[in-house]
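Novice:
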Amino acid sequence: MAQLPAGIRFIISFSRDQWYRAFIFILTFLLYASFHLSRKPISIVKGELHKYCTAWDEADGRFSSQSGKSGSIGPRQLPDNETDCGWAPFDKNNYQQLLGALDYSFLCAYAVGMYLSGIIGERLPIRYYLTFGMLASGAFTALFGLGYFYNIHSFGFYVVTQVINGLVQTTGWPSVVTCLGNWFGKGRRGLIMGVWNSHTSVGNILGSLIAGYWVSTCWGLSFVVPGAIVAAMGIVCFLFLIEHPKDVRCSSTLLTHSKGSENGTNRLRLQKQILKTEKNRPLDPEMQCLLLSDGKGSIHPNHVVILPGDSGSGTAAISFTGALKIPGVIEFSLCLLFAKLVSYTFLFWLPLYITNVDHLDAKKAGELSTLFDVGGIFGGILAGVISDRLEKRASTCGLMLLLAAPTLYIFSTISKMGLEATIAMLLLSGALVSGPYALITTAVSADLGTHKSLKGNAHALSTVTAIIDGTGSVGAALGPLLAGLLSPSGWSNVFYMLMFADACALLFLIRLIHKELSCPGSATGDQVPFKEQ
C-alpha cells in the first residue's frame, strides 16, 4: 500500500472534534472581526467630514489653504449645503463636539443595549440572534454612508443611524463568547482567547484600510462596503455557526472523562455521576482562601451564591443580581469601564490626533493608526500567556495598567517629535492598553461565567459577559465624548484624562490582586463555590 501524502496525513492526525473546534474558532473570529470592521470607518472619515477651510483660486483652478480660525476668510458655499471645510453640518467651528456626539450616541446605545442583550440572548438560539444582529448592523452601517450619495446633511439622521447601529451590534459579543465558551474548556484559556481576541485589532485594521481607501474620493463607500461585509458574514453565520458541541455529537469539554466512542446514554449517566460527586465534594483550600479576605476562618453561608436551577439541572437562566454576586464580576466590570474608556478614545480619535499633530491627510492618518491595533494584537496574546502561566488574571491586568499610565504620558510628549516617535509609541501603547481590555472581556469573563460549579450553564456565561462588557461600554461611551469636549483646549488635556482613567482601572483591581498574591496558584474562575437549588 502506498504511503499517504503528507497533507492527508496532517489532516487525519487531528480528530473530528479538533477540526470542529478549529472551525468554530476561525468562524467566530471572523464574525466579530466584521463587527469591529464596521465601527472603524467613523474615526477615519472624521478628517474628511471636517477639513481646513479652503478658498478657490478661480485663476488657476486650485484650492489654497486658509486658516480655519474665526476672523479668517470664510468658506466658499457649495451646492447642497457642502463647503470647502467639509461636509455640513460638520463644517462649523463646533465640529469636534458634533463628531463626539456621533461617537457618544453609538456607544451609549451600545452600553444600554448590552445589558439587555445578555438577558434576551440567553433565551434565544445564538445562531438566529447573531444573524439578525449582523444583518441589521450591516444595513445601518451602509445607511450612514448613503447620506453621502443622497446629500443628507441632517445631524439627526446620522445620530439616529448611530443609535440603532449601536443597539443591534450588542448581539455580537455575548453570542460569540458564549459559543466559544461552549466549545473550549479552561485549559490554556488565556492563550486561546488572547489569540482569538485579536479579532478586535484585525477588524480595526481592516476597517481602517477599507475606509481609508475611499475616504478622500467617496467617503460614503467607507461605510457601504463594511456594511455589506457585515451583512454577508451574517449570512455565513446563519449557514455555518454551530452553537454547542452536542449539536454535532462532539464531546463536550465539560465531560473530560468521557470517550468519543461512548453513546449519548453513557455520557448522560457519566455527567450525572460527576455532578453528584461535585455536589458532595468539600470546598478546597484555594476556594476558601479566595472567599475570605485574609484566607482564614470559616466560610459564612452568605458568601455562597445560590443559583436558580431547574430541578438540579443547572440550565435555568441566571438572574442579573445572581450574576453580580459572583465575586470578581463587579470589580472587573468597573476596571473594564476605565480600560475601555482609554481604548475607545484611541479607536475613535486617534486618526484625527495624528492628522493634527503629524499634519497627515485622512488616508495616511488612518493607515498609521492601525499600528495601535497591531500593538493590541501582541498585547492581548501576551496578557493571555502571562496570566495562564501565573494563573493570576487580575495581577496581569494590574501590571499592564501600571505600565500604561507613564507610557500614555510619554506618548503625548514625544509623538510631537516626528513620525518615527509616533510609530514606536503607537505600538507600545496599543500593547499595554489593549492587553487588560482583551483579557477581561475574554478569559476573565469566561472564567467567571463558566465556573465548574455552574455545571456548564452557558446562560450564566452570556449574562456575565453582557454585564462585564456592558459596564465597560459605559466607559467606551464616555471616553470619546470627553475627548471631544477636551480636545479644543489642547490634546494634552485628553491624555491627562486617559492617564487618570488608567489609574482608576488599576484601583478597582487592588483587592483582587491582593487575594491572588496571598493565595498562590489561584485562578479567577475558582474564586467562589456555588450550589444549586
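Numbering of the sequence shown is given in this note's numbering, commencing with residue 3 and proceeding in unit increments. Glycine is no exception: its CB is placed at the ideal position from the N, C-alpha and C atoms.
1) So what does DSSP say about histidine 38, is it helix, strand or coil?
2) Excluding the 5 residues preceding and the 5 following phenylalanine 374 in the sequence, name in chain order all residues of the same chain whose CB lies nearer than 7 Å to its CB.
3) Can you tell me the Cα-Cα spacing of valine 250 and isoleucine 244, whole angstroms?
4) Let me check understanding here. Comparing Cα to Cα, which of Gly382, Leu39, Trp198 lies closest to glycine 205?
5) So what's glycine 330 in DSSP terms, helix, strand or just coil?
6) Can you tell me the Cβ-Cβ gap for glycine 386 and glycine 192, rounded? I've got them flagged as a contact below 8 Å.
7) Round the Cβ separation of alanine 406 and leucine 441 to the nearest angstrom and send it over; I've been treating them as touching at under 8 Å.
8) Since histidine 52 sits in a beta bridge, which residues does DSSP pair it with?
9) Three-state secondary structure (DSSP) at alanine 4?
10) Given leucine 392, which residues of its chain have a CB within under 8 Å of its CB, disregarding the five upstream and five downstream residues?
11) Below 8 Å, can you find three or more Cβ-Cβ pairs linking the stretch 468–486 to the stretch 104–114?
12) Indicate whether at least one CB of chain C lies closer than 8 Å to the CB of glycine 214.
13) Quick check on DSSP: helix, strand or coil for phenylalanine 186?
14) Pairing CB atoms from the stretch 351–367 with CB atoms from the stretch 171–182, are three or more of them under 8 Å?
15) For serine 200, which three-state DSSP category applies?
16) Determine the extent of the alpha helix (DSSP H) in which alanine 141 is found, giving its start and end residues.
17) Taking only three categories from DSSP, how would you classify valine 161?
18) Assuming threonine 467 and leucine 339 are in contact, meaning their beta carbons sit under 8 Å apart, how far apart are those beta carbons, in whole angstroms?
19) If we count Cβ pairs, one from each stretch, closer than 8 Å, do we get three or more for the stretch 27–37 versus the stretch 177–187?
20) Which word fits serine 17, buried or exposed, when buried means at least 16 other C-beta atoms lie within 10 angstroms of its C-beta?
21) Take glycine 2 and list the residues in its own chain whose beta-carbon comes closer than 7 Å to its own, dropping the five residues that flank it on each side.
22) What are the boundary residues of the alpha helix (DSSP H) that includes histidine 516?
23) Report yes if the CB atom of methionine 195 is closer than 8 Å to the CB atom of alanine 448, and no otherwise.
24) Report yes if the CB atom of valine 226 is closer than 8 Å to the CB atom of isoleucine 212, and no otherwise.
25) Under the three-state reduction of DSSP, which class applies to serine 218: helix, strand or coil?
26) Over the uninterrupted alpha helix (DSSP H) stretch that includes glutamate 369, give me the two end residues.
Specialist: So, to answer that:
1) helix
2) Phe348, Leu352, Leu428, Ser431, Gly432
3) 8 Å
4) Leu39
5) coil
6) 4 Å
7) Between leucine 441 and alanine 406 the Cβ distance is about 13 Å, and since that is not below 8 Å, they are no contact.
8) Gly88
9) coil
10) Thr398
11) yes
12) Here chain C cannot be found, since the structure has a single protein chain.
13) coil
14) no
15) coil
16) 128–151
17) In the three-state reduction of the DSSP assignment, valine 161 falls in the helix class, which pools H, G and I.
18) Wrong, their Cβ atoms sit about 15 Å apart, outside the cutoff.
19) yes
20) By the neighbour-count rule (16 or more Cβ atoms within 10 Å), serine 17 is not buried but exposed.
21) No answer is possible for residue 2: the residues shown for the chain start at 3 and end at 535.
22) 512–520
23) yes
24) Annotated as distal: valine 226 and isoleucine 212, with beta-carbon spacing of 8 Å or more.
25) coil
26) Per DSSP, glutamate 369 belongs to the alpha helix (DSSP H) from 364–392.
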